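As they're listed, the protein sequences go chains A and B.
Using the numbering used here, you'd call the opening residue of the first sequence number 3 and step up by one each time.
Using the numbering used here, you'd call the opening residue of the second sequence number 3 and step up by one each time.
See structure below.
2 protein chains.
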Amino acid sequence: MKMRDVAKYAGVSVATVSRVLKGDDNVRQLTKEKVLKAVEELNYVPNTLARNLSNMQSKKILVVVPRVSNAVFSSIYHGIQNVVNEKGYQVILIETFNRRDSSVPELIRDRTVEGAILLSAMMSEEEFAEKFKGLPVVLATDNLRERIQSTPSVSIDNVLAAEKAVHYLANLGHRCIAFLGSRSDSIGARERLEGYKNGLHQHGLKVDESLIFEGEWSLESGYHLANQMLFQKKLPTAIFAASDNLAIGAISALSEQGVRIPEDISIVGFDNIAVSEYLTPALTTIEQPSVQIGEKAADMLLTILDHQLLEQMHVELNSKLIIRNSCRRMKYLERGDEPK
Amino acid sequence: MKMRDVAKYAGVSVATVSRVLKGDDNVRQLTKEKVLKAVEELNYVPNTLARNLSNMQSKKILVVVPRVSNAVFSSIYHGIQNVVNEKGYQVILIETFNRRDSSVPELIRDRTVEGAILLSAMMSEEEFAEKFKGLPVVLATDNLRERIQSTPSVSIDNVLAAEKAVHYLANLGHRCIAFLGSRSDSIGARERLEGYKNGLHQHGLKVDESLIFEGEWSLESGYHLANQMLFQKKLPTAIFAASDNLAIGAISALSEQGVRIPEDISIVGFDNIAVSEYLTPALTTIEQPSVQIGEKAADMLLTILDHQLLEQMHVELNSKLIIRNSCRRMKYLERGDEPK
DNA sequence: CTAACAAATGTAACCGGTTACATTCAGAAG
DNA sequence: CTTCTGAATGTAACCGGTTACATTTGTTAG
Chain A
3 MKMRDVAKYA GVSVATVSRV LKGDDNVRQL TKEKVLKAVE ELNYVPNTLA RNLSNMQSKK
63 ILVVVPRVSN AVFSSIYHGI QNVVNEKGYQ VILIETFNRR DSSVPELIRD RTVEGAILLS
123 AMMSEEEFAE KFKGLPVVLA TDNLRERIQS TPSVSIDNVL AAEKAVHYLA NLGHRCIAFL
183 GSRSDSIGAR ERLEGYKNGL HQHGLKVDES LIFEGEWSLE SGYHLANQML FQKKLPTAIF
243 AASDNLAIGA ISALSEQGVR IPEDISIVGF DNIAVSEYLT PALTTIEQPS VQIGEKAADM
303 LLTILDHQLL EQMHVELNSK LIIRNSCRRM KYLERGDEPK
Chain B
3 MKMRDVAKYA GVSVATVSRV LKGDDNVRQL TKEKVLKAVE ELNYVPNTLA RNLSNMQSKK
63 ILVVVPRVSN AVFSSIYHGI QNVVNEKGYQ VILIETFNRR DSSVPELIRD RTVEGAILLS
123 AMMSEEEFAE KFKGLPVVLA TDNLRERIQS TPSVSIDNVL AAEKAVHYLA NLGHRCIAFL
183 GSRSDSIGAR ERLEGYKNGL HQHGLKVDES LIFEGEWSLE SGYHLANQML FQKKLPTAIF
243 AASDNLAIGA ISALSEQGVR IPEDISIVGF DNIAVSEYLT PALTTIEQPS VQIGEKAADM
303 LLTILDHQLL EQMHVELNSK LIIRNSCRRM KYLERGDEPK
């Protein structure tokens with residue numbers, strides 16, 4: 003059942019059918035109805051493959067993600083879907099698992115996709131330019147080596163977010179705050195560390211390198227880093243973990259060693275993944291507006307694909323501190339420093 | 003840069019170029035080299051859109067999933083990717099969020115996809131037949147209303163898996179075991195309940211309807227169901243939760259009310275999602291071979307697309323009990339029944 | 001050396017839409 | 001009743017591959 007059949011049935015030419023189907027105005031009302039009736043009666047559905055070839059567009063965009071099982075990424079993905087599906091685009095989702103050998107290059111070379119949204123791009127700017135040459139790209143999140151000036155991006159202000167976390171802990175009276183982060187060479191990792199340091203400074207606290215622990219973003223890593231920390235003589239009274247997974251892994255190790263949360267150590271995470279609320283104690287954490295990040299990134303990509311001008315090259319959305327039960331207020335006497 | 007250009011450059015016809023590119027044997031070695039050289043030098047990449055139209059195939063398959071953030075689903079998805087990418091297929095992933103208004107019908111009607119793998123199909127057999135008429139489909143997992151005899155499927159034996167869990171608890175001496183499940187009208191939900199009941203019978207225990215709680219699959223639901231349970235006079239000494247999320251939600255509610263795990267109540271979950279290992283206490287649970295489920299389902303779909311015959315219509319993979327620290331052995335005196 | 005046949009290559013139709021351009025048509029103006 | 005004009009419609013080329021079939025080339029046997 004192709005367009006010629008419809009045309010014949012309706013007694014018009016294929017051009018007319020095509021016009022009606024794409025909503026061209028230059029068709030008489032009567033003709034339009036004839037065609038629509040034919041389409042209806044023949045149960046005609048246009049062939050997407052043919053249409054795509056004619057239009058030279060695939061109506062597909064690429065989304066590159068470290069792993070979808072991660073709540074932040076899956077929410078961003080969800081946000082992307084929300085807006086691109088609306089516009090008739092489909093997304094091809096590729097998980098990198100932090101490996102480099104993905105099938106991405108192929109999809110780009112052969113123009114299977116019209117554009118891409120990267121939730122992760124752990125590569126140098128040169129490598130990036132080489133790989134995505136000519137393809138409209140939007141960077142979502144902060145999983146990058148560098149913010150690439152010439153490429154649109156949307157993320158949160160990680161420095162500020164981390165400062166909020168430290169600020170909160172310091173205001174509870176904590177003077178000795180450890181940092182659990184990722185050694186990965188990403189903006190997010192670096193900025194959260196920077197925010198941590200800033201936060202300490204703002205409260206007149208010194209940065210103690212022996213309280214900074216860096217590994218991966220994983221649960222497992224959180225577990226190991228906390229154990230590492232426990233091996234040191236000096237225990238902090240609070241921890242700022244750069245991801246909820248790190249926090250949860252750390253709590254696991256701490257509990258195993260009989261350290262109580264929050265009685266002995268307070269902890270705040272980052273991401274607000276779903277389980278965090280149902281942990282015991284429920285995890286205080288920083289929430290990223292993940293869905294909006296995805297929506298905004300998709301908006302921007304579609305704007306580019308539509309040859310419109312972007313209002314803003316780099317969008318920063320707001321993060322939020324979610325206070326739950328994993329932190330406690332220090333009593334004055336416990337502080338152990340600056341006794342007036 | 004199109005095939006004609008390559009043909010001209012190499013001094014052959016487009017047909018020959020096409021043959022070389024698709025590995026047709028009927029080409030002289032010398033010619034083949036000429037063509038390959040031209041392709042190389044002109045940096046030619048075939049146009050996928052054109053090829054797809056010619057071949058009348060999109061090289062895309064559809065995967066329908068309730069939500070990817072769920073660890074089980076994302077692993078299955080991962081398994082699918084593993085095998086289909088290998089064969090040059092891309093997957094279009096649709097999350098239903100248990101809503102009905104997805105864009106699936108469109109993708110199917112216009113043949114954007116060649117086949118589908120459903121991780122969820124909460125619809126009647128008629129509805130299913132209507133919706134996927136003519137499209138090769140494989141069902142992965144047990145998120146269905148009914149096993150559809152005429153449609154290939156791969157899953158685990160939920161009844162058996164649930165029996166294992168109950169068996170384990172009963173062997174630890176538990177006589178009063180509650181069930182937390184989903185009210186959803188899915189095979190998985192029903193079979194896990196059935197397995198629970200079977201397990202009780204096998205150990206000479208009676209099914210007590212007041213110990214069966216059903217809600218959704220979510221963390222939140224686990225939390226509510228556990229609270230509901232706490233309101234009753236009769237407390238079980240153990241709980242079998244039909245998903246880790248339910249278990250974690252329940253633990254949250256229990257802890258909030260001062261019930262200790264596993265001292266006061268033992269609990270075993272289902273799914274073995276990543277955090278389960280890092281909970282305190284670490285959650286004993288049933289593991290599904292999610293990645294393999296995905297791989298097998300993809301295998302089967304590709305077999306169908308390749309017009310081969312399936313070896314088996316319905317594949318069942320093995321589940322495994324992962325013992326951690328959320329259960330304890332009852333002392334003889336505590337059992338309170340059948341005192342000899 | 002040529003017939004006979006297989007292997008290699010070329011030609012052109014085809015996949016099913018879109019659209020530039022040509023043609024026809026209807027209504028208004030003269 | 002023409003003529004003119006813009007709207008409506010049709011014709012056919014085109015998107016860039018694939019492939020049936022035709023043609024040419026090469027090989028072997030007689």
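Cβ coordinates follow ideal geometry from the N, Cα and C atoms, glycine included.
Treat the numbers as computed from the prediction; the structure is a model and nothing was measured.
{"Query": "Whether S292 (chain A) touches V74 (chain A) by CB criterion (8 Å)", "Result": "yes"}
{"Query": "Cutoff 8 Å; reference F99 (chain A); Cβ partners in own chain excluding five residues on either side", "Result": "P68 and R69"}
{"Query": "Residue-level contact to chain A via CB, D266 (chain B), 8 Å cutoff", "Result": "no"}
{"Query": "Of the residues A:K34, A:E258 and A:G175, the one placed nearest V14 (chain A), counting alpha carbons only", "Result": "A:K34"}
{"Query": "Bridge-paired residues (DSSP) for E216 (chain B)", "Result": "B:G183"}
{"Query": "Chain-order list of residues whose beta-carbon lies under 8 Å from that of K133 (chain B) (same chain, five-residue window excluded)", "Result": "V106, P107, I110 and M125"}
{"Query": "Rounded separation between M332 (chain A) and H176 (chain A) - CA only", "Result": "6 Å"}
{"Query": "Cβ-based contacts, 9 Å cut-off: residues of the stretch 20-51 of chain A near chain B", "Result": "V47, P48, N49, T50 and L51"}
{"Query": "Status (buried if at least 16 other CB within 10 Å, exposed otherwise) for H309 (chain B)", "Result": "exposed"}
{"Query": "Rounded distance between the beta-carbons of A299 (chain A) and I119 (chain A), thought under 8 Å", "Result": "5 Å"}
{"Query": "CB of T143 (chain A) within 8 Å of CB of L121 (chain A), strictly", "Result": "yes"}
{"Query": "C-beta atoms of R330 (chain B) and A284 (chain B) nearer than 8 Å", "Result": "no"}
{"Query": "Three-state class that DSSP yields for I96 (chain B) in the structure shown", "Result": "strand"}
{"Query": "Min CB distance E116 (chain B) to chain A below 8 Å", "Result": "no"}
{"Query": "Cβ of V70 (chain B) within 8 Å of any chain A Cβ", "Result": "yes"}
{"Query": "At least three beta-carbon pairs within less than 8 Å, the stretch 272-281 of chain B to the stretch 195-215 of chain B", "Result": "no"}
{"Query": "8 Å Cβ cutoff, H80 (chain A) in contact with chain B", "Result": "yes"}
{"Query": "Spatial neighbours of K342 (chain A) in its chain, beta-carbon cut-off 6 Å, leaving aside the 5 residues before and after", "Result": "Its pLDDT being 38, under 50, K342 (chain A) is placed unreliably in this model, and the value from its coordinates should be taken loosely. For K342 (chain A), where only same-chain residues beyond five positions count, there are no Cβ hits under 6 Å."}
{"Query": "Reduced DSSP category for I288 (chain B) - H, G, I as helix; E, B as strand; rest coil", "Result": "strand"}
{"Query": "Spatial distance of I94 (chain A) from V8 (chain A) (CA atoms)", "Result": "32 Å"}
{"Query": "Contact under 8 Å by Cβ, A164 (chain A) with L146 (chain A)", "Result": "no"}
{"Query": "Exposure label - N28 (chain B); buried when at least 16 CB within 10 Å", "Result": "exposed"}
{"Query": "Contacts that T286 (chain A) makes with chain B (C-beta to C-beta distance below 8 Å)", "Result": "Correct list: empty, because the minimum Cβ distance to chain B is about 15 Å."}
{"Query": "Coil, strand or helix - I158 (chain B) by DSSP", "Result": "strand"}
{"Query": "Minimum Cβ-Cβ distance from I94 (chain A) to chain B less than 8 Å", "Result": "yes"}
{"Query": "Span separating the alpha-carbon of L171 (chain A) from that of Q204 (chain A)", "Result": "12 Å"}
{"Query": "Euclidean distance between Cα positions of E216 (chain B) and T286 (chain A)", "Result": "29 Å"}
{"Query": "Length of the line joining the Cα atoms of G296 (chain A) and Q83 (chain A)", "Result": "8 Å"}
{"Query": "CB contact below 8 Å: G136 (chain A) versus chain B", "Result": "no"}
{"Query": "For A167 (chain A), the three-state DSSP class (helix, strand or coil)", "Result": "helix"}
{"Query": "Beta-bridge partners of F242 (chain A), as assigned by DSSP", "Result": "A:F181 and A:V270"}
{"Query": "Backbone CA spacing between V161 (chain A) and G90 (chain A) [nearest angstrom]", "Result": "37 Å"}
{"Query": "Proximity test, Cβ basis, 8 Å: G190 (chain A) and chain B", "Result": "no"}
{"Query": "Beta carbon of N72 (chain A) nearer than 8 Å to that of M3 (chain A)", "Result": "no"}
{"Query": "Nearest neighbour of D187 (chain B), chosen from B:L202, B:W219 and B:K199 [CA to CA]", "Result": "B:W219"}
{"Query": "Cβ-based burial, Q151 (chain B) [other Cβ within 10 Å; buried from 16]", "Result": "exposed"}
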